[in-house]
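Heads up: the structure comes next, in structure tokens.
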Amino acid sequence: MAVGASQDTSIFNVGQGDVSNGAGEYILSGGEGSDETAIRGLIHFDLNTSSIPFGATILDVTLRLNAAYSVGGAANISLHRVSNAWGEGASDALDDELDGAVAAAQDATWIYRFYNGSQWNSPGGDFSAGESASASVVAAGLYQWNDLGMISDVQSWLDDASQNFGWMLLSESVPGSVKAFHSHDSSNAALRPSLEITYEEPILPALVAGRAWDDSDGNGLRVPLVVHDLQLQFYQQKDFFNVYRGQEYWYRSAVNNEWYFLTPDGTLTHWDRTPGQLSGTAVSTISRRFWELQNKHLLLKDAVQPEAYLNGVTVELLDSQGVVQRSTVTGDFDVNNDGLINPETESGWYRFEQVPAGDYQVRQILPTTRTASSGDHSGLATTVHQLDSQLNLRFYKSLFEDFGGEGERWFLGDNGWYYILPTGEVYRWKAQPITPSQPLTGTLVVELNHSYFRDPSLIYLASNPVVAAVDGTTIDTIDLPSFEAIEISGRIWHDQNGDGLPGRQDYPTVHALATAPAGGPAKAVFWYQSAGVGNGAVYYYADQFGNIFEWAASSGSKFVTQVWGGFELTSQSILETAFIVEPYLNGWAVELVDAAGRVVGTATSTDLDKNADQVIQASSERGWYVFNNVLPGEYTVRQAVHVDWVRTTTHDPMQQLTDLQFTYGFKRVPKDWYDFGFRQERWFQSRDNYWFYITPDGSIFEWDRRSGGAKGLVNGTLVAQTSSSCYLNMELLFAPAAKVLKAPAGAILNTVSFGNLRLIDSLFGEIESQLHS
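FYI, the numbering for the sequence shown is -17 to 755, going by the working numbering.
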């Protein structure tokens, strides 16, 4: 690279140090050191105006000067590094310029660095004693200076421009010798000074970057807008897998009617219609997880939802010891420097520049309202990558879902088969036959979460979350998806009066009244009064149907509750059921069930300090079950009832059937096999093709295959007690009308609580007999 001089001049050891040649045609050097005729040249090259990048390594430097004329014989002209700034003014000497001109403002002279203000530390200029290079000049012509000292000078100027003050040209060893070189003010541009620099491009520290985005469906996969806009679809519902032997899937665009194919590396290509060839123009490189069997449909137009990039997310860079080295916040980054921000390509960026070589990980610090999507840089990423690396896990032909009857999914490793349960536990199969008497068994390998069951490719396609930063590399593909956290919660209580409604937790002591208070309503059958005197007492009454009201002469009646049926309504029986504390219960198990009927989470009711005061209020903070960080989807919850208890919660009459549909996926069969087992029962199947039957009273059983038909009276395991309406109209089982819990991103659902009645005394003997009749 050639760099022209930015300033040059000559300084003369004459008079009062007020002679210069800032705008002259020539740079002069020569004379005797002690003679007033001594002349020195100054020259400077501004490397900031060159295109040499910061951090470059200087390999070679050559200064080229054209001598205009020579006075005297041959003389060496040496370059010395100047150590202070100097100026170039408008002084312009006449003729051969050997006498110089009166200095102008800002000119460098023998005494002044900037005439007539700042002076040199030493008259004649401040420069290093050692020469950087030297060349012998005899007559007019082109001369070159090239030496290691010049390389060192230029390298230091490039590294620190504030120390670049150029060179001094000295030639004072030959009396009477003066050499004149064309300056940067020469009228002939071809003869002006030139500094030829050879350099090596810098190897800059690594750049680590990526983007944060709103993963609204929680699957950790984002379809780029360019792919979304194609509106892809399977032609005639077929994916034409591996037609051209590249393990590719084929799509057709509803926008342009063109064909596109997706290869296992995640490249979506616009096919160029070359027969038999997987050729064309790459449209986008997406996650290779899109190619997996269970995800290929995610590119279809009906499944694709554009997901926004997120600004304002805190991202940390951790070293190999887990120590935070950098922290930043995602924001807009004008990639193309057009002054505009395109949200699809320029929002949600984080960047760590000048990263020293080493191993790093990145993590996002999210508010409590968001959850990191499972993937290569989530909390379990290291565990999953190590698991995959050690076992060499892979998809093999099929996920073989529910092969062992646990709703599990399978993948193969070097040491055998592995399966993952809906709740996220990974087991190594013991390779034992699976029979009704010998269920699926395995050795627990690791506990993950439901998202790894939902998409097992997160396991067998796991990437190393460790980023190896090497000087000169740019790593800008570390994306960090997250979704708005979903919470599903409810409470378990002891429904002592069996009415299916949470009772008051703080009833005062209540006693029966022998006579009604004055003015009481005629429908009142039994009267009660709370403890208290005068206005502190509260009246209650029960009507003939067991409805309980609070009453006051001034305000009238207010409904409180209804006692549960199944016993004779007397003043005492009502007192023992309606006016009792119904505590919330800890230690009860609740299951979260997905739309396929799989248990994807379990929770236990417990104390929950909702107001964070470190004091548990039994009425509001006991008996809570909570499912946190639930993936977006559709769910229901179910509670396991303890021995000698029954669930009393009054739901929508269809809710129980919805729960059953979630759990079992009941479906009709061509023939209901009426009375096959001699109990007037009707038959149907679950989604897993297990057989169930329902008896005339609405009892549903899972069939014991050792009974029924030629084996006599049918037997089974009771799974639910519904109404006789379900026996008469089994469509109520197959398509219940009640809605499930739809949990979109960010939802907080506190909608399902469970009341439980304990069968402990003669008062409820009739209830128990009815439930088991």
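For glycine and all other residues, C-beta sits at the position ideal for the given N, C-alpha and C.
Taking a contact to mean a Cβ-Cβ separation below 7 angstroms, would you say Ser689 touches Gln703 in this structure? Not a contact, by the Cβ cut-off of 7 angstroms.
- Minimum C-alpha distance to Leu381 - residue among Ser371, Leu362, Val337, Ser439: It is Ser439 whose Cα lies nearest to the Cα of Leu381.
Is Gly99 closer than 7 angstroms to Ala115 when the C-beta atoms are compared? Taking the C-beta atoms as reference points, Gly99 is found no nearer than 7 angstroms to Ala115.
Reduced DSSP category for Gln(-2) - H, G, I as helix; E, B as strand; rest coil = Secondary structure of Gln(-2) (DSSP, three-state): coil.
- Arg46 versus Gln126: straight-line alpha-carbon distance, rounded: The alpha-carbon separation between Arg46 and Gln126 amounts to approximately 5 angstroms.
To test your reading of the DSSP string, which unbroken beta strand (DSSP E) runs of 3 or more residues are found completely within the stretch 649 to 696?
Runs of the beta strand (DSSP E) inside the stretch 649 to 696: 664 to 667, 673 to 676, 681 to 685.
task: Look at the Cβ atom of Ser706, then the Cβ atom of Asp679, and state whether they are nearer than 7 angstroms.
output: The criterion of a C-beta distance shorter than 7 angstroms is satisfied by Ser706 and Asp679.
Range of the contiguous beta strand (DSSP E) that encloses Arg117: Looking at the sequence shown, residue 117 is not Arg but Ala. Its beta strand (DSSP E) spans residues 115 to 119.
Next item on the list: Would you decide whether Asp(-10) is buried or exposed? Buried here means 16 or more other CB atoms lie within 10 Å of its CB.
Entry: It counts as buried.
Supposed contact pair Val64 and Phe109 - C-beta distance, whole angstroms, cut 8 angstroms = Their Cβ separation, rounded to whole angstroms, is 5 angstroms, which keeps Phe109 and Val64 in contact under 8 angstroms.
Next on the checklist: If distances are taken between C-alpha atoms only, which option among Trp139, Ala444, Pro325, Leu430 comes closest to Pro404?
Outcome noted: Of the candidates Trp139, Ala444, Pro325, Leu430, the one whose C-alpha sits nearest the C-alpha of Pro404 is Leu430.
Open item on the list: Which same chain residues end up closer than 8 angstroms to Met(-17) when comparing Cβ atoms and leaving out the 5 residues on each side of it in sequence?
Closed with: If we look at Met(-17) and ignore the five residues flanking it on each side, its Cβ neighbours are Ser32, Ser33, Ile34, Glu178, Ile179, Thr180, Tyr181.
*Beta-carbon gap between Ala49 and Gly123 smaller than 7 angstroms*: The answer is yes: Cβ separation under 7 angstroms.
**Asked** Exposed or buried, Ala817, counting other C-beta atoms within 10 Å across all chains shown (16 or more means buried)?
**Response** Residue 817 lies beyond the stretch modelled for the chain, which goes from -17 to 755, so this question has no answer here.
Exercise. Taking C-alpha atoms, which residue in Glu230, Val623, Leu348 lies nearest to Ala467?
Worked result: In terms of Cα proximity to Ala467, the closest of Glu230, Val623, Leu348 is Leu348.
N- and C-terminal bounds of the beta strand (DSSP E) containing Ala49 = Unbroken beta strand (DSSP E) run through Ala49: 39 to 53.
message = In this structure, how does DSSP classify Phe541 when only helix, strand and coil are distinguished?
response = DSSP places Phe541 in strand when its eight states are reduced to three.
Q: Go ahead and label Ile402 buried or exposed: buried means 16 or more other beta carbons lie within 10 angstroms of its beta carbon, across all protein chains shown.
A: So Ile402 counts as buried.
Exercise for review: Name the one or two DSSP bridge partners that Thr256 has.
Suggested key: Answer is none; Thr256 lacks a bridge partner.
Among residues of its own chain, excluding the 5 on either side of Asn293, which ones have a beta-carbon nearer than 7 angstroms to its beta-carbon? Excluding the 5 residues flanking it on each side, Asn293 has same chain C-beta neighbours closer than 7 angstroms at Thr312, Gly313, Asp314, Ser329, Gly330, in chain order.
Next item on the list: Using three-state DSSP, classify Gln307 as helix, strand or coil.
Entry: Strand.
Next on the checklist: Can you tell me whether Met132 is helix, strand or coil according to DSSP?
Outcome noted: For Met132, the three-state secondary structure derived from DSSP is helix.
Mark Gln(-2) as exposed unless 16 or more other C-beta atoms lie within 10 angstroms of its C-beta, in which case mark it buried. Exposed, by the Cβ-count rule.
Assuming Gly262 contacts Thr251 (C-beta within less than 8 angstroms), just tell me the rounded distance between them. Right, the Cβ-Cβ distance comes to about 5 angstroms (below 8 angstroms), so this counts as a contact.
_Straight-line gap, Ser602 to Pro484 (C-alpha atoms, nearest Å)_ = Looking at the two C-alpha atoms, the distance is approximately 12 angstroms.
ask   = In three-state DSSP terms, what is Gln126?
value = It is a strand residue.
query: Just the Cα atoms here: how many angstroms apart are Arg271 and Tyr617?
result: Going from the Cα of Arg271 to the Cα of Tyr617 covers about 25 angstroms.
Is the beta carbon of Ser60 less than 7 angstroms from the beta carbon of Glu113? Cβ atoms of Ser60 and Glu113: closer than 7 angstroms.
Given this structure, state the Cα-to-Cα distance separating Ala720 from Ile474, to the nearest angstrom. With a pLDDT of 48 at Ala720, under the threshold of 50, the predicted position of this residue should be treated as unreliable, though the coordinate-derived value follows. Cα-Cα distance, rounded: 22 angstroms.
Contact belief for Leu394 with Tyr378 at Cβ below 8 angstroms, rounded distance in angstroms: Right, the Cβ-Cβ distance comes to about 4 angstroms (below 8 angstroms), so this counts as a contact.
Going by beta carbon distance, what residues of the same chain come within less than 7 angstroms of Gly340, once the five residues before and after it are set aside?
-> Answer for Gly340: Asp301, Ser302, Ala451, listed in chain order.
message: Considering just the uninterrupted stretch of the alpha helix (DSSP H) at His432, what are its terminal residues?
response: Residues 432 to 436.
Under 8 angstroms: do the stretch 70 to 87 and the stretch 191 to 207 share three or more Cβ pairs, one atom per stretch? No, the stretch 70 to 87 does not touch the stretch 191 to 207.
Check: Does DSSP put Phe334 in a helix, in a strand, or in coil?
Finding: Looking at Phe334 - three-state DSSP - the assignment turns out to be strand.
Exercise for the section: Give me the Cα-Cα distance between Glu335 and Ile25, rounded to the nearest whole angstrom. Expected result: Going from the Cα of Glu335 to the Cα of Ile25 covers about 36 angstroms.
Practice problem: Go ahead and label Thr632 buried or exposed: buried means 16 or more other beta carbons lie within 10 angstroms of its beta carbon, across all protein chains shown. | Solution: Interpretation of Thr632 is limited by its pLDDT of 48, a score under 50 that renders its predicted location unreliable; the figure taken from the coordinates is listed afterwards. With fewer than 16 Cβ atoms within 10 Å of its Cβ, Thr632 is classed as exposed.
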